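S.K.: First the structure, which I've put down as structure tokens, then a few questions once you've had a look.
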Amino acid sequence: METDKELMNKVKVTWRCPSNIAIVKYWGKKGNQIPCNSSLSLTLSNSFTEVEAELSEKTTDEVVQLAYYFEGKINEQFGQRVAKFLVDNREFFPFIAEKAITIHSSNSFPHSAGIASSASAFGAISLALLDITYSLEGKEKNATFYEEASNLARLGSGSASRSMFPGFALWGENQQIRNSSNQHAIAIKEVHPVFQNMKDAILIIEDEPKKVSSSVGHSLMNNHPYAENRFKQANERTAELVEILKTGNMEAFIQLCESEALTLHAMMMTSMDYYLLVKPGTITAIEKLMEFRKESKVPVCFTLDAGPNVHVLYPKAYEAEVEEFIGNGLRDTYKKVIFDEEGVGPTKMNS
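Residue numbers (full-length UniProt numbering): 1 to 351.
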């Protein structure tokens, strides 16, 4: 029979975690990654990060000995962020006292594509390392495993907390929503058939890394003149969206989704320092999409991340019409398009 030490030396796990796109936006945080408002997102499928984590004997006396590879190459910048995450949360990872960690990470999408790569990366890292902790402690994984992983992922990237669940997920305490929490996300289980199998075509308007990081953006909400009203509005809209998803009111979904996207960018444009992340192609795509919806009556809408790229959301039933419109009507607005869809959440891979 293998000793604990032999078992520990063999630990290697691989997890795949998807990104997500927020419908009600999280913008503004306090304390240790606590959101100033609740948010609600759609978990994606094809846009994911895959992480392989492996333990070996430590060769230094550093608190954390970590080698972080991205797409096969050492990535010191993100590796330092992950090392800090491990040090700050070492009570969750007791093995780091004795073991070195090697992480190999890769994305299914271009790194600067404007897809929330920190969300999928910290999601996959948290799942892999928590899985190792469970394995070494002989614990069985149950429903609370994903809650724990969501809490951990939040400490690395707030949005990552929502990538742990299939379909729609909600993060942040909201007095109108039972079991909502600032510590971890929850799955939205009551979803009308009209909102099941949603598609997300991501129009890459610009593939340069964004000029203002999300962390800076969040911090600019601290003294924002509209902050309190915005947080109140977002909490109300989160509760409203939960009802919309239940009842299947597509018209209300479209209105809320697009208003949230524009509100997020309005917060950036009215902060001190103010900044602008939308580009001419963003505006053109939005205007053409609204015109197409009006003329065709196809229930398609847009949302935006904290960048210039446009997420085109639509039910699978309208896939042919929307994809033809994207290929023809919007072709001049984007550099490339990534076709994604509602996903089933994280997956453990065979190492």
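Just so it is clear, CB atoms sit at the ideal spot from N, CA and C, and this is done for glycine as well. Predicted, not measured: the structure shown is a model, and the values here were computed from it.
#1: Between Gly-28 and Phe-231, which are expected to be in contact by the criterion C-beta below 8 Å, what is the C-beta distance as a whole number of angstroms?
#2: Ile-96 lies in the beta strand (DSSP E); which residues open and close that run?
#3: Helix, strand or coil, according to DSSP, for Tyr-26 in the structure here?
#4: Rounded to the nearest angstrom, how far is the Cβ of Ile-286 from that of Ile-204, given a contact under 8 Å?
#5: Give the single residue among Ser-259, Thr-333, Met-269 whose Cα lies nearest to the Cα of Ile-23.
#6: For Val-63, is the classification buried or exposed, using 16 other Cβ atoms within 10 angstroms of its Cβ as the cut-off for buried?
#7: What is the DSSP secondary structure of Tyr-318, counted as helix, strand or coil?
#8: Would you call Val-216 buried or exposed, if buried means 16 or more other Cβ atoms sit within 10 Å of its Cβ?
#9: How is Leu-44 classed by DSSP in three states: helix, strand or coil?
#10: Is it true that the segment 294-309 meets the segment 179-191, where meeting means three or more beta-carbon pairs spaced less than 8 Å apart?
#11: Identify whether Ala-306 lies in helix, strand or coil by the three-state DSSP scheme.
#12: Near Met-1, which residues of its chain fall below 6 Å by C-beta distance, leaving aside the five closest residues on each side in sequence?
#13: Decide yes or no for the touch test of the segment 15-22 against the segment 270-277: beta carbon pairs closer than 8 Å, at least 3 of them.
#14: Which two residues bound the contiguous beta strand (DSSP E) that contains Ile-186?
#15: Identify whether Thr-59 lies in helix, strand or coil by the three-state DSSP scheme.
#16: Measuring CB to CB, does Gly-172 end up less than 8 Å from Ser-38?
#17: Please confirm whether any heavy atom of the ligand NAD lies closer than 7 Å to the CB of Lys-279.
#18: Would you decide whether Ser-181 is buried or exposed? Buried here means 16 or more other CB atoms lie within 10 Å of its CB.
#19: Taking the alpha carbon of Ser-105 as the point to measure from, which residue in Leu-127, Glu-91, Met-198, Gln-33 has its own alpha carbon closest?
#20: Does the beta-carbon of Ser-213 have 16 or more other beta-carbons within 10 angstroms, so that it is buried, or is it exposed?
#21: What residue range does the alpha helix (DSSP H) around Tyr-134 cover?
#22: On the CB-based measure, 16 or more other CB atoms within 10 Å of its CB, does Val-11 come out buried or exposed?
M.R.: Here's the rundown:
#1: 6 Å
#2: Ile-96 -> no beta strand (DSSP E), and no H or E assigned at all.
#3: coil
#4: Contact doesn't hold; Cβ gap of about 15 Å is too wide.
#5: Ser-259
#6: exposed
#7: helix
#8: exposed
#9: strand
#10: no
#11: coil
#12: Note that Met-1 has pLDDT 42, beneath the 50 cutoff, so the model's placement of it is unreliable and the number below is only indicative. Excluding residues within five positions, none has a Cβ falling inside 6 Å.
#13: no
#14: 185-187
#15: coil
#16: yes
#17: In terms of ligand content, the structure shown is empty, and the ligand NAD therefore cannot be addressed.
#18: buried
#19: Leu-127
#20: exposed
#21: 117-137
#22: buried
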